[in-house]
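Letter 134 of the sequence shown, counting from 1, is numbered 589 in the numbering used here, and no numbers are missing. To start, the structure itself, in structure tokens.
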Amino acid sequence: MARRSRTPSPSPAAPESEFGPLLAETARAWRQRLDERLKPLGLSQAKWVALFRLARMPHAPTQAALAAEIGIEGPTVARLLARLEATGYVERRQATGDRRLKVVHLTAKARAEAARIDRVAADLRAELLAGLDADEFAAAWRILVELRRRLGPLPPP
């Protein structure tokens with residue numbers, strides 16, 4: 456049976472103990488909602504996450520760097536990239552100076568798709584954040600940024 460997350464209610468009793476689980480559930484729910492909206496584009500969550508992240512990286516990454524960026528293992532990213540390559544979204548090229556490394560390049564088709572993903576994500580973000588108090592949002596942002604800083608770099612998958 457699928458686990459249903461509860462809708463949280465403000466609790467005066469030690470909200471710190473529920474902060475991590477609430478943050479994780481919120482992130483998962485946001486991603487699922489975005490996934491629902493991207494289904495009409497015919498992209499699985501794995502594909503749109505990879506395209507979304509690739510489009511934001513300042514340079515074409517190696518397969519290993521992409522795997523670390525999206526939090527999956529090397530063999531898994533290799534299979535994902537094979538599917539993306541077969542559909543014309545990416546090209547894998549040998550790295551200059553090291554034939555063992557593959558560098559992942561987005562195609563024009565993928566850049567157009569990433570722009571569509573961006574628009575859908577922006578619409579969802581606008582809906583979810585509409586009406587929130589600007590000062591409270593700024594405080595929440597500062598807290599999340601500080602927590603992320605304290606957690607340090609992510610370990611490799």
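The beta-carbon is built from N, C-alpha and C at its ideal position, and this holds for glycine as well. Remember, predicted model here, so these are calculated numbers, not experimental data.
For the pair Gln487 and Thr551, the Cα-to-Cα distance works out to about 38 Å. Taking all protein chains shown into account, Leu561 has 16 or more neighbouring C-beta atoms within 10 Å of its C-beta and is therefore buried. DSSP, reduced to helix, strand and coil, places Thr481 within a helical segment of the structure shown. Under DSSP, Ala550 shares a beta bridge with Asp553. Taking a cut-off of 8 Å for Cβ pairs, the segment 492 to 499 and the segment 561 to 576 touch, as three or more such pairs fall below it. Under DSSP, Val558 takes part in a beta bridge, and its partners are Thr517 and Arg548. Distance from the CA of Arg604 to the CA of Arg597, rounded to the nearest whole angstrom, comes to 11 Å. Arg571 has its alpha-carbon roughly 20 Å from the corresponding atom of Val559. The Cβ atoms of Glu528 and Pro516 do not sit closer than 8 Å to each other. Fewer than three beta-carbon pairs drawn from the segment 506 to 515 and the segment 473 to 483 are found closer than 8 Å, and the two stretches are therefore not classed as touching.
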